[in-house]
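Peer 1: Before anything else, here's the structure in question.
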Amino acid sequence: MDRIFSGVQPTGDLHLGNYLGALKNWVRLQHDYDCLYCVVDLHAITVWQDPGELASNTREVTAGLIAAGLDPADNIIFNQSQVAEHAELAWIFNCIARLGWLNRMTQFKEKAGKNRENASVGLYAYPNLMAADILLYKATHVPVGEDQKQHLELARDIAQKFNGDYGVELFPLPEPLILGAAARIMSLRDGSAKMSKSDVSENSRINMTDDADAIARKLRRAKTDPEALPADIDGLEGRPEAANLLGIYSALADRPFEDVVADQAGRQFSEFKESLTELAVAVLAPIGAEMARLISDPGYLDGVLADGAERASNIARPIIDEVFDTMGILNLRARRSP
Ligand code: AQP
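All letters in the sequence shown, in the order written, are residues 83 to 420 by our numbering.
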């Protein structure tokens, strides 16, 4: 069966963007692929993480994956740091990837901002770790949003260079799984910025654990423009906030964007926001309640992650051994006591 790897950072509260752009699709894919879903804590620490919060954020994201509908028996769910092979392969890829390739990565430029000289080396090398995450399991497919396409291209370049340099066909070239129209959910405060965990404004996002009141309040305050909703998609030109809210509605309702635009044509935002709130609460409230239940049982979550790490490592170890053999690294693991 084809294999999927994907990850989510434990950098704060999971939000509607994570749910609609990633988790919801992962749930759909779980029975058609052999799936590994990883809480990527090593990626998270490329920027500062409060040591008092990282472990609880890791459990919370795990709870979110399960509450969204991923079955931990069918899927391998684990946190990245617990499978040391991720870091091992990432180092090897640091020696395969070229500086010029990383210099082109737009996400580093966005995240490092003007303070480039002060960004961590880890943030710069982040795409090499991501390539390692995927190739460590010889994953064939990666569900990606727009923002991650460039990183997947890099993973393919690294796989190709490794195979070429050593004259092997060790790594498959992973293919993107493009996930439909709702791939990018924007901030409720600014239709041109991505909804993000690290946005300082709580009102910019709906968290998966928000209750009905919080969802209603945030949507009521969501930025809009003075016009009523347009008659068709062309009328959304230059109206990013309207397009975003309609996109959220269409993704939550699982209905084509054009149909939603046609249904809502001519309505005032105040009315539309009420319908949107009703829909968002209907979808998110049961997930949020299940997340809260799971979060109150950290022993269960740790058990899921430990079991996942064991299963992930069982796949990864032989692949790392194959990499070492290919590179001529003297590998004495088999001679050491377990
Ligand atoms: N706004 C979004 N719309 C659609 N998809 C999104 N994803 C994140 N934000 C949106 C998708 O969720 C998955 C996990 O993302 P992540 O947590 O690993 O990292 P991120 O993309 O950097 O998410 P954030 O919220 O913006 O985190 P911070 O603020 O910590 O950087 C990915 O598949 C991502 O595409």
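Ideal Cβ positions, reconstructed from N, Cα and C, are used throughout, including at glycine.
The model shown is predicted, which means the values in this text are computed figures rather than measured ones.
1. Thinking C-beta only, is Ala241 closer than 8 Å to Leu255?
2. Do you know offhand how far Leu358's Cα is from Ile174's?
3. Residues near the ligand AQP, CB to any non-hydrogen atom under 5 Å, in chain order?
4. Can you tell me whether Gln350 is buried or exposed? The criterion is at least 16 other CB atoms within 10 Å of its CB, across all chains shown.
5. Using a Cβ-Cβ cutoff of less than 7 Å, which residues in the same chain neighbour Ala394 once the five nearest sequence positions on both sides are dropped?
6. Would you kindly check if the distance between the Cβ of Ala137 and the Cβ of Ile369 is under 8 Å?
7. Taking Ala304 and Leu270 to be in contact with their CB atoms under 8 Å, please state how far apart those CB atoms are, rounded to whole angstroms.
8. Check this for me: beta carbons of Met268 and Lys279, under 8 Å apart or not?
9. Rounded to whole angstroms, how far is the Cβ of Trp183 from the Cβ of Leu236, which I believe are closer than 8 Å?
10. Is Glu251 near His223, with beta carbons less than 8 Å apart?
11. If you run the structure through DSSP and keep just helix, strand and coil, what is Ile330?
12. Any idea if Met83 is buried or exposed, counting beta-carbon neighbours within 10 angstroms, 16 or more meaning buried?
13. List the endpoints of the continuous beta strand (DSSP E) containing Gly385.
14. Please look up how many angstroms separate the CB atoms of Met290 and Leu147, rounded, as I've assumed it's under 8 Å.
15. Start and end of the alpha helix (DSSP H) containing Asp295?
16. Across which residues does DSSP place Met268 in a beta bridge pair?
17. Mind reading off the beta-carbon distance from Asp194 to Leu205? Whole number of angstroms is fine, and I expect it under 8 Å.
18. What do you reckon, is the C-beta of Ala391 under 7 Å from a heavy atom of the ligand PLP?
19. Take Asp215 as the anchor and find which of Ser202, Arg85, Gly381, Asn185 has the nearest alpha-carbon.
20. Go through its chain and collect everything with a Cβ distance to Asp153's Cβ below 7 Å, but skip five positions before and after it.
21. Can you grab the Cα-Cα spacing for the pair Val365 / Gly329, in whole Å?
Peer 2: Put simply:
1. Reading the sequence shown from its first residue, position 173 is the one you call residue 255. Reading the sequence shown from its first residue, position 159 is the one you call residue 241. Yes. Within cutoff.
2. Numbered from its first residue, the sequence shown carries residue 358 at position 276. Numbered from its first residue, the sequence shown carries residue 174 at position 92. Roughly 48 Å separates the two Cα atoms.
3. Val90, Gln91, Thr93, Gly99, Asn100, Gly103, Ala104, Gly227, Arg266, Ile267, Lys276, Met277, Ser278, Lys279, Ser280
4. Taking the first residue of the sequence shown as 1, we reach residue 350 at position 268. Classification for Gln350: exposed.
5. In the sequence shown, residue 394 corresponds to position 312, counting from 1. Cβ neighbours of Ala394 beyond the five flanking positions: Leu118, Ile158, Phe160, Val165.
6. Here residue 369 refers to the residue found at position 287 of the sequence shown. Here residue 137 refers to the residue found at position 55 of the sequence shown. No, the Cβ-Cβ distance between Ile369 and Ala137 is not below 8 Å.
7. Taking the first residue of the sequence shown as position 1, residue 304 is located at position 222. Taking the first residue of the sequence shown as position 1, residue 270 is located at position 188. With 8 Å as the limit, Ala304 and Leu270 qualify as a contact, their Cβ atoms being about 4 Å apart.
8. For this step, residue 268 is matched to residue 186 along the sequence shown. For this step, residue 279 is matched to residue 197 along the sequence shown. It is not a contact, given that the beta carbons lie outside the stated cut-off.
9. Here residue 183 corresponds to residue number 101 of the sequence shown, with the count starting at 1. Here residue 236 corresponds to residue number 154 of the sequence shown, with the count starting at 1. Going by Cβ atoms, the distance from Trp183 to Leu236 rounds to 6 Å, so yes, they are a contact pair.
10. The residue given as residue 251 occupies position 169 in the sequence shown. The residue given as residue 223 occupies position 141 in the sequence shown. Not in contact: Glu251 and His223 (Cβ atoms no closer than 8 Å).
11. Your numbering for residue 330 matches position 248 in the sequence shown. The three-state reading of DSSP puts Ile330 in helix, counting H, G and I together.
12. Locating residue 83 in the sequence shown gives position 1, where the first residue counts as 1. Classification for Met83: exposed.
13. As a working note, residue 385 is residue 303 in the sequence shown. Gly385 -> not in any beta strand (DSSP E); alpha helix (DSSP H) instead, spanning 380-409.
14. As a first step, residue 290 is located in the sequence shown; it is residue number 208 there, counting from the start. As a first step, residue 147 is located in the sequence shown; it is residue number 65 there, counting from the start. In fact, because the Cβ distance is near 10 Å, the residues do not count as touching under 8 Å.
15. Position 213 of the sequence shown, counted from the start, is the residue given in the question as residue 295. Its alpha helix (DSSP H) spans residues 294-303.
16. By one-based count along the sequence shown, residue 268 stands at place 186. DSSP, once it has assigned bridges, lists Lys276 as partnering Met268.
17. Along the sequence shown, read from residue 1 onward, the residue named residue 194 stands at position 112. Along the sequence shown, read from residue 1 onward, the residue named residue 205 stands at position 123. A small fix is needed here, since residue 194 is Ala in this sequence, not Asp. Between Leu205 and Ala194 the Cβ distance is about 6 Å, and since that is below 8 Å, they are a contact.
18. In the structure shown, the ligand PLP is absent; the only ligands present are the ligand AQP.
19. As a first step, residue 215 must be located in the sequence shown, where it is residue number 133. Nearest C-alpha to Asp215: Arg85.
20. Locating residue 153 in the sequence shown gives position 71, where the first residue counts as 1. Once the five neighbours on either side are set aside, the close Cβ partners of Asp153 are Gln112.
21. Reading the sequence shown from its first residue, position 283 is the one you call residue 365. Reading the sequence shown from its first residue, position 247 is the one you call residue 329. If I take the Cα positions, the gap works out to 15 Å.
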